[in-house]
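Novice: Note that my numbering has the sequence shown beginning at 7, numbered continuously upward.
Just so it is clear, CB atoms sit at the ideal spot from N, CA and C, and this is done for glycine as well.
These figures come from a predicted structure and were not determined experimentally.
Quick one: the structure is below, and I'll ask about it shortly.
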Amino acid sequence: MSDLARRSAATLKEQGAEQLWRDVTFRVGLAFHHDSWQHRADLPLRRELKAQRAEYADGKPGPVVSVVVPLYNTPEKFFGQMLASVQKQTYSHWQLVLVDASDAAHAAFSTHASKAAAKDPRILYKKVENGGIAANTTAGFALATGTYIALLDHDDV
């Protein structure tokens with residue numbers, strides 16, 4: 007039995023047909039898309055996501071991850087996508103720290119960000135004077151209360 011067949015049989019037995027299919031399509035994708043980063047992502051199965059969400063859904067305590075996001079004249083489209091990506095995480099013990107140094111011309115965005123904080127108690131919004139990316143990020147660190155700190159750019163999705 008070839009090594010490929012042996013590994014395929016082991017995957018089928020241990021992880022199921024869905025994972026075997028993912029492995030095969032992943033390898034075929036790599037063969038035809040040599041440098042495409044999209045074919046290198048190992049995304050979790052739906053059942054894995056469901057299990058991850060269920061693990062802490064019953065109120066089980068876990069460490070809080072403070073996600074610090076310095077904002078500056080952020081396009082609302084990017085902000086909405088970034089916010090949705092954080093809120094859809096399978097791990098729900100997070101704090102989103104939004105440090106907004108936007109100028110007066112972007113006051114509408116500031117209102118949008120503060121409304122998001124009012125709707126979700128895990129979101130902390132603070133308007134600050136623009137001190138540059140380093141000072142704005144440091145202001146976010148000072149507000150963070152989680153066990154761990156993660157950084158996220160305002161246009162990351």
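From which residue to which residue does the beta strand (DSSP E) around residue 21 run?
Specialist: Residue 21 -> not in any beta strand (DSSP E); alpha helix (DSSP H) instead, spanning 9–21.
Novice: Quick one: what's got a C-beta closer than 7 Å to residue 119's C-beta in the same chain, skipping five residues either side?
Specialist: 77, 85, 104, 106 and 131
Novice: Hey, how far is the Cα of residue 63 from the Cα of residue 155?
Specialist: Linking residue 63 to residue 155 through their CA atoms gives a straight-line distance of about 22 Å.
Novice: Using a threshold of 7 Å, is the CB atom of residue 158 nearer than that to any non-hydrogen atom of the ligand ATP?
Specialist: Summarising the ligand content, the structure contains no ligands, and the ligand ATP is consequently not present.
Novice: I'd like to know whether the C-beta atoms of residue 101 and residue 72 end up nearer to each other than 8 Å.
Specialist: yes
Novice: Could you check which residue in 31, 81 and 152 has the C-alpha nearest to that of residue 161?
Specialist: Taking only the C-alpha atoms, the option nearest residue 161 is 81.
Novice: When you compare each of 91, 83, 79 and 9 to residue 138 by their alpha carbons, which one comes out closest?
Specialist: With distances taken between Cα atoms, residue 138 lies closest to 79.
Novice: Rounded to whole angstroms, what is the Cα-Cα separation between residue 27 and residue 58?
Specialist: Rounded to the nearest angstrom, the two C-alpha atoms are 22 Å apart.
Novice: Secondary structure at residue 125, three-state DSSP: helix, strand or coil?
Specialist: helix
Novice: Could you tell me which of 134, 152 and 153 sits nearest to residue 145, measuring between CA atoms?
Specialist: 134
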